[in-house]
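Chemist:
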Ligand SMILES: Cc1cc2nc3c(=O)[nH]c(=O)nc-3n(C[C@H](O)[C@H](O)[C@H](O)COP(=O)(O)OP(=O)(O)OC[C@H]3O[C@@H](n4cnc5c(N)ncnc54)[C@H](O)[C@@H]3O)c2cc1C
Ligand SMILES: NC(=O)c1ccc[n+]([C@@H]2O[C@H](COP(=O)([O-])OP(=O)(O)OC[C@H]3O[C@@H](n4cnc5c(N)ncnc54)[C@H](O)[C@@H]3O)[C@@H](O)[C@H]2O)c1
Ligand SMILES: Cc1cc2nc3c(=O)[nH]c(=O)nc-3n(C[C@H](O)[C@H](O)[C@H](O)COP(=O)(O)O)c2cc1C
Ligand SMILES: [Zn+2]
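Chains as they are written, first to last, in my numbering: chain A, 106 to 199; chain B, -1 to 414; chain C, 12 to 193; chain D, 6 to 985.
(1) Using a Cβ cut-off of 9 Å, pull out every chain D residue sitting near residue 204/C, in sequence order please.
(2) Is DSSP giving residue 191/C helix, strand or coil here?
(3) Taking Cβ to Cβ, would you say residue 495/D is nearer than 9 Å to residue 327/D?
(4) If we ignore side chains and look at the alpha-carbon of each, how far apart do residue 965/D and residue 949/D end up?
(5) Residue 821/D: buried (16+ other C-beta within 10 angstroms of its C-beta) or exposed?
(6) Drop a sphere of 10 angstroms on the beta-carbon of residue 775/D, count the other beta-carbons inside from all chains shown, and report buried for 16 or more, exposed for fewer.
(7) Under the three-state reduction of DSSP, which class applies to residue 150/B: helix, strand or coil?
(8) Just mark residue 732/D as buried or exposed, buried being the case when its beta carbon has 16 or more other beta carbons within 10 Å.
(9) Please list, following the chain, all residues that have a C-beta closer than 5 Å to any non-hydrogen atom of ligand 4.
(10) What did DSSP end up calling residue 141/C once you bin it into helix, strand or coil?
(11) Can you say whether residue 352/B is buried or exposed, counting buried as having 16 or more other CB atoms within 10 angstroms of its CB?
(12) So which residues on chain A does residue 251/D lean against when the C-beta distance must stay under 9 Å?
(13) Closest to residue 308/D by C-alpha separation, out of 322/D, 299/D, 290/D, 438/D, would be which residue?
(14) Would you mind reading off the limits of the beta strand (DSSP E) that contains residue 483/D?
(15) If you reduce the DSSP assignment to three classes, tell me which class residue 164/C lands in.
(16) From the DSSP output, in three-state form, read off residue 404/B for me.
(17) Any chance the region 611 to 621 of chain D sits against the region 715 to 731 of chain D, with 3 or more Cβ pairs inside 8 Å?
(18) By DSSP's criteria, residue 145/A is part of a beta bridge. Which residues make up the other side?
(19) Just to confirm before moving on: does the CB-CB distance between residue 544/D and residue 513/D stay below 9 Å?
(20) Helix, strand or coil: which one does DSSP assign to residue 728/D?
(21) I want to check one thing, is the minimum distance from the CB of residue 182/B to the heavy atoms of ligand 3 below 8 Å?
(22) For residue 29/D, which option in 815/D, 47/D, 861/D, 439/D has the closest C-alpha, if you only look at C-alpha atoms?
(23) Distance cutoff 9 Å, beta carbons only. Does residue 195/D sit that close to anything in chain C?
(24) Residue 8/D to residue 483/D, Cα distance in whole Å?
(25) Assign residue 269/B to one of three DSSP states: helix, strand, or coil.
(26) Counting only the same chain and skipping the five closest in sequence on each side, list residues whose C-beta sits under 6 Å from that of residue 899/D.
(27) How should residue 862/D be labelled, buried or exposed, when 16 other C-beta atoms within 10 angstroms of its C-beta is the threshold for buried?
(28) According to the Cβ coordinates, are residue 74/C and residue 39/C closer than 9 Å?
(29) Please go through the region 68 to 154 of chain C and give each complete alpha helix (DSSP H) segment of 4 or more residues, from N-terminal end onward.
(30) When every heavy atom of ligand 2 is checked, does at least one fall within less than 8 Å of the C-beta of residue 333/D?
(31) My understanding is that residue 168/B touches residue 121/B, with C-beta atoms under 8 Å, so please give their C-beta distance in whole angstroms.
(32) Under 8 Å: does the beta carbon of residue 2/D sit that close to some heavy atom of ligand 2?
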């Protein structure tokens, strides 16, 4: 049972949140410029790392805000939390 | 291979069981193999076995980072069925069920296939329609399936609560009588023993840490026990598929999540069928040892931890007690999790990769135990012949670019 | 064994006016205009409320507030807000019919809520003037502690309200549940 | 003595003034308040309590606590029955009824014991090797084997008891209220922390053997009880340790009161605790010794024997052999001796029985056999003799075997620190050679250990460690450790080669040292393989007593060091948890929230049959005077077609979309264009997932320049709202749009039918309803039945229709006005609505779509804008989406108009010819159309309406129906009625 620090509300129980999967996947500005394979990359392909993972969460049963979390997928330890649009604290958010 | 039978058992009893041979060797990995299978779960072991048996190959190793069968093969709720909606899935899972039906004899290892019937419950009008669609499709695919009304459910499962006043009453069910459960560990062990007997090296405690690729072709593997050259490599690592794919520079349409299961204390038999419900998210059977084996939903976030969140168990318990009121006073004995590899369309990926000689078999997610022999059989074919068998051709990685997905979410809405 | 002394009192609060207010607090014109109508500043500390006169404003999110007024005032306040904010990007919606509030009070009030809520309800942490959206059992609710005494207000969506009340009564059973609905 | 032949006249923590009557296996006995079932049975001289799982061996009481593998009982009867209760943990109450498990007819004579005779044939894993002949033979064998399955029995009815769940937060959670835990709690509390102290026992104080110390602990307890910042939970087992310091604990609130439990209290309460820090002071569990026939009734742990005399004033036997490989059992020997138990000998596996403890025992006149081992025992229902032989340095037996008569063997094979929770927390363990135990090492969570869990053996160091842990001071985990015997064998060797006399490691599952050796020999050499092959540690005790010896024997067999073998994984729960407690009150009436519309009461009173749609209850149809479903639906449909009907559509999702970029958002989300929708007008919209599949549909109205009201389907309301928010917040923060859900604020009533205008006209005087003034797909504001309302002229039924939207509080008034007798309006439910829309060929999300259907499949190219991008558009450009063989929406007409196809029926191009058939589609919707007097159906079929020939075949159970493909608009294809 994760305890997730919402950037606005503070630490709340996992049950109030929804996980939105890998963060920093931008919707292509011009989808038509992509061939099918690259479009499939955007749609379906995911890093799914073992270890540090940047992902999006929404405090859906709290303040309703989406934000980013860097979490270890093995220990579940939360390394950092940052708001949408902010760069990841560890750098390299691409 | 010493044949197992009541006679060999009796003979060995006289010698205090001191002369049973090893079920499989524990060889040092050789520097090079023709084919290396990464992942000593049921699927990997079955692949190796069928490579040897069906394709006459023998220079094969299975590389397992831990103990064989210790991944999802060793932690699933063992439900076997082939009542899938889409033709592609139905044919693949049915092939697997057919192989299962002869597996104990084929492997000379009792995998305790118990075809006690699998019920999928319907709780609302929408469920009933889905059930009708599914059952009709399945039957036209030549697979056994029938529809039960609530009384029919009661007849099959006397302890089920079919009261219409339930919050989500049981309005009906589909039943596949040939479905059931099998002893999960035995499936891994049986394949391991039979593969070993055909000369396959099963190397445990050996983790693959890198994949050597040159000129677009796989050359071999880096492992914690040294480099192993290979002409062909099959990745069959379930929850760790993305990690291995990354070693080959590939991204997969896969996310790894924890799926939880649990057992009750052993009780005298009360439940003779497998009961599953998509709507209230629970599935349960009773093992031959007496414990109830219960599956829950999947955690909503990526994980490699084999530990899940307790709220999933709580939700699932409420549903279980609604359906089976007499379970309320039983006790939870143990709960655990496995790392399942989930595809966007809830169907597996079995086929070639963009790297020559590198093959992948993954994405079975919450439901691949039932596919173990079938998956191994088609994957062996794919590796041996360098092209997929008709049964697994639709399950290629390319489908994500083309958009021809095989969306089994209906079937997999509840993890099983 | 004697019946336990009533430890909890549950009441349905009389209907009240509610206005869902959205706007950008970083644009100074917005809070100023709102303060002009309400007569006090919007709470900017997350999960707190502020009240004066007949209005209470609860922080719902960084750009979202709930204004509670008397039932009869809802339309008028909404109208005044809309007029005070004509050119700003903001949203004002009357939502008083959409939810029902319950008051849960008495020495065991927090225990009743804790059966279904994962918030830390320690009176020293969930203090007077605190509010939070969260889940009560499986119902999305807004919890508010208006004052220092142990009175909590639980606001649930209208469609859930019967179930919510049923749930609260059931949860209060073990502490003795005074007064049913009023 | 009150018929309790083994009860001491004084001492113990029981209340002799309160005798308690109970029954076991049908016989009545008496114990005292403060007894456990186990202590009361022992007091009455009952040692044979049940039978083991596999061999049905007679078994007694091994322990005095949670670790008990043997003494499992069936408690209570009927709906209140409990399977597999540990007699050592059941607190005695008047009228308690218990019986043995896993034996028939009874524990004294059990038919299942035939297995014991055949034991040579059924070693570990035997079932993998046999039962394979004939081919399907397993079906038969399995039935026989299943008869042997399980231990206790499930209750016979629904559970009459209540269960609660409770969330709690604290700064420090202390688990275990022994000396270490009490000290930790006190230190933490004095520092001002919010403390929860939980112990599984009925009283704080722990397992302290020495009564003298108990007094001092009492003072600490009293201090803690007085503090506001401390919550003491007794009878509360902390049983799961999850991520981020979330723990669960099971409190047995009234189990110990039996029928006297107050009705307002739950039977059990599951605590869900979020702790800042955790101090584990869970103590240590004693290990049995592994020797031949070490499983007989009367053979118990030394610490248990000691607890029975000291705590319960019960003699676990009258003449005891104490056998140990460490010092701790000497205390037990002395306490037994002091209380009148004759000590036949203290058998010490270690060579030199020197040091303080043995000396004390010797001084008390006890005979010590150092360098000896108990090698076997005799006695069927109770141990009669212990067989003792000299144990050499190399671990082999020498010399003659001495037979000591006894009725109790008290054994100690060392201690296992109770590291279960620590390990669940992700903590690493370290094997300590000197202590022969796994000790807590590093942990990723905020957790500390104190006391015997760290290997501390003396109370003073336990207290010191507890204080430091509670106060958060530096850790001195090494304090107070006492080394166990280092070289004593993990399994006492067998007396002869034949291996006669099984040496049990796992008592419950009957796993012997020979089974472990067999597994190793066959290649099941990982400790995890060992466990699964032999079932070692898989019983209800989860190997609390046997696991370490088991893995040590494996290590020995393989010639490995113990840390190389390692432990199996510790998993929740530490002690079994009642299912009911996990579910709490989420059962029965409260199983899942029910959502009701503001008009629900009316529907109920009108006798509506309800349909579950998500959590909503929606009126399905309104049967009148014995009408069938079919009759009611037909009547409702015809009423709408010929006069007027009303439907409660309040469950539809409603979202206020507002802001300068509202149109831009709609443009990106919906497939069609929104630039030109004027205030006062509405438009139908379709939204896709990014994969191009249809997600939802609904009508959006422009309320004013940049204010829109969007409706969604009932089932997708929250999903669509979340979907829009997600895009806005994560991808398009540049769009200035605010969303507000008005689903709950607004109620919607659909008034449909040729009389709709007339009826509405009677109820409003400020809305001009003339078709020109208020055309189709427009909306107007005004008063309806005196209520402020928005009226939308939209139609899902194909009739002239108005959706009247009012604040939810007014919905009942509106409905009452509309259904007034003067209007002759028929309420209709969702099923009639489904029929009416199918007659029009309108799609229903979730019925025509299933997540695999694109707008192209629905022949809805018309709604795909070519001038802009929208979510899902790019996916539609993939060649496969335009494959002519994709299934597309069609109407289906059966040859025989009376045949209503079942929904979900599969469609074939040719009459069936044998499986597998090639299916080309399926029926998505199918009804009897009362309007048309024939059946109608919608289907998804390969090739869609372009299919040639247009005839298809639908196989049913007993026949095959021919049907032809047609336009899905069966009724009023040009929309004259709704436009009129
Ligand atoms: C709780 C739960 C319940 C389930 N219930 C069912 C059910 O009822 N019915 C059903 O059909 N399916 C079920 N499943 C799914 C099923 O268990 C899996 O789909 C199936 O077992 C997968 O088998 P596998 O052989 O592919 O994977 P695994 O058994 O997981 O084997 C993969 C192996 O790869 C090894 N590996 C990984 N990385 C490396 C590396 N770098 N080097 C070497 N080796 C590596 C792993 O150690 C592992 O042993 C369930 C799953 C779970 C978790
Ligand atoms: N080698 C030895 O001689 C030896 C070994 C063990 C203990 N001891 C003695 O025992 C005492 C140990 O003190 P201590 O405080 O460390 O342990 P303790 O055994 O006195 O107390 C531990 C308490 O924790 C409870 N507990 C354990 N797991 C629990 C759980 N999951 N949830 C709730 N409660 C749980 C136990 O029931 C017990 O009451 C000392 O007095 C020591 O001398 C001696
Ligand atoms: C079908 C099945 C039945 C099981 N039955 C038991 C059981 O009776 N007792 C038990 O302790 N564990 C049982 N387990 C759980 C295992 O002990 C173990 O938890 C699981 O295989 C996951 O492995 P892990 O906990 O070592 O990670 C069972 C597991 C499965 C898959
Ligand atoms: Zn928040």
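Even for Gly, the Cβ is constructed at its ideal location relative to N, Cα and C.
Modeler: In brief:
(1) This structure leaves residue 204/C out entirely; chain C is present only between 12 and 193.
(2) Sequence index remark: in the third chain, residue 191/C carries index 180 (1-based). With a pLDDT of only 46 at residue 191/C, under 50, the local geometry of the prediction cannot be trusted, and no value is derived from it.
(3) On the fourth chain, position 490 is the one that residue 495/D refers to. On the fourth chain, position 322 is the one that residue 327/D refers to. Taking 9 Å as the Cβ cut-off, residue 495/D and residue 327/D do not qualify as a contacting pair.
(4) Here residue 965/D refers to the residue found at position 960 of the fourth chain. Here residue 949/D refers to the residue found at position 944 of the fourth chain. Computed Cα separation, rounded: 20 Å.
(5) Residue numbering aside, residue 821/D sits at position 816 when the fourth chain is read from its first letter. Classification for residue 821/D: exposed.
(6) Here residue 775/D corresponds to residue number 770 of the fourth chain, with the count starting at 1. Answer is exposed; the Cβ neighbour count stays below 16.
(7) Translated into positions along the second chain, residue 150/B becomes position 152. DSSP places residue 150/B in helix when its eight states are reduced to three.
(8) Sequence index remark: in the fourth chain, residue 732/D carries index 727 (1-based). Residue environment: residue 732/D is assigned as buried (16 or more neighbouring CB atoms within 10 Å of its CB, all protein chains considered).
(9) Cβ atoms closer than 5 Å to ligand 4 belong to 111/A, 113/A, 114/A, 164/A, 167/A, 168/A.
(10) Residue 141/C sits at position 130 when you count from the first residue of the third chain. In this structure, residue 141/C counts as strand in the three-state DSSP scheme.
(11) As a first step, residue 352/B must be located in the second chain, where it is residue number 354. Looking at its Cβ environment, which holds fewer than 16 other Cβ atoms inside 10 Å, residue 352/B is exposed.
(12) Against the fourth chain, residue 251/D aligns to sequence position 246. Close to residue 251/D, with beta-carbon spacing below 9 Å, are these residues of chain A in chain order: 106, 107, 108, 118, 119.
(13) The sequence position of residue 308/D within the fourth chain is 303, counting from 1. Looking at the Cα atoms, 290/D is the closest of the given residues.
(14) Here the question's residue 483/D lines up with position 478 in the fourth chain. Segment: none, residue 483/D is in no beta strand (DSSP E) and carries neither H nor E.
(15) Residue numbering aside, residue 164/C sits at position 153 when the third chain is read from its first letter. In the structure shown, residue 164/C falls within a strand segment according to DSSP collapsed to helix, strand and coil.
(16) Counting from one through the second chain, the residue named residue 404/B turns up at place 406. In the three-state scheme derived from DSSP, where H, G and I count as helix and E and B as strand, residue 404/B is classed as coil.
(17) Yes: the two stretches touch, three or more of their Cβ pairs being nearer than 8 Å.
(18) Taking the first chain and counting its residues from 1, the one referred to as residue 145/A is at position 40. DSSP lists no beta-bridge partner residue for residue 145/A.
(19) As a first step, residue 544/D is located in the fourth chain; it is residue number 539 there, counting from the start. As a first step, residue 513/D is located in the fourth chain; it is residue number 508 there, counting from the start. Yes, the Cβ-Cβ distance between residue 544/D and residue 513/D is below 9 Å.
(20) Locating residue 728/D in the fourth chain gives position 723, where the first residue counts as 1. Reduced to three states, the DSSP call for residue 728/D is helix.
(21) Your numbering for residue 182/B matches position 184 in the second chain. Yes - ligand 3 has a heavy atom lying nearer than 8 Å to the Cβ of residue 182/B.
(22) Translated into positions along the fourth chain, residue 29/D becomes position 24. Of 815/D, 47/D, 861/D, 439/D, the residue nearest in Cα terms is 47/D.
(23) Locating residue 195/D in the fourth chain gives position 190, where the first residue counts as 1. Put simply, the CB of residue 195/D is far from chain C, with every gap to its CB atoms at 9 Å or more.
(24) In the fourth chain, residue 8/D corresponds to position 3, counting from 1. In the fourth chain, residue 483/D corresponds to position 478, counting from 1. Answer to the nearest angstrom: the Cα atoms are 48 Å apart.
(25) Here residue 269/B refers to the residue found at position 271 of the second chain. In the structure shown, residue 269/B sits in coil (DSSP, three-state: anything other than H, G, I, E or B).
(26) Mapped onto the fourth chain, residue 899/D falls at position 894. Closer than 6 Å at the Cβ level, and outside the excluded window around residue 899/D, lie 940, 966, 968.
(27) Here residue 862/D refers to the residue found at position 857 when the fourth chain is read from its first residue. Burial call: buried.
(28) Within the third chain, numbered from 1, the residue matching residue 74/C stands at position 63. Within the third chain, numbered from 1, the residue matching residue 39/C stands at position 28. No.
(29) Listed in chain order, they are 85 to 95, 120 to 125.
(30) Counting from 1 along the fourth chain, the entry for residue 333/D is found at position 328. Relative to the non-hydrogen atoms of ligand 2, the Cβ of residue 333/D comes within a distance shorter than 8 Å of at least one.
(31) By one-based count along the second chain, residue 168/B stands at place 170. By one-based count along the second chain, residue 121/B stands at place 123. At roughly 7 Å, the Cβ-Cβ gap stays under 8 Å, so residue 168/B and residue 121/B are in contact.
(32) Shown here, chain D extends from 6 to 985; a query on residue 2/D therefore has no answer.
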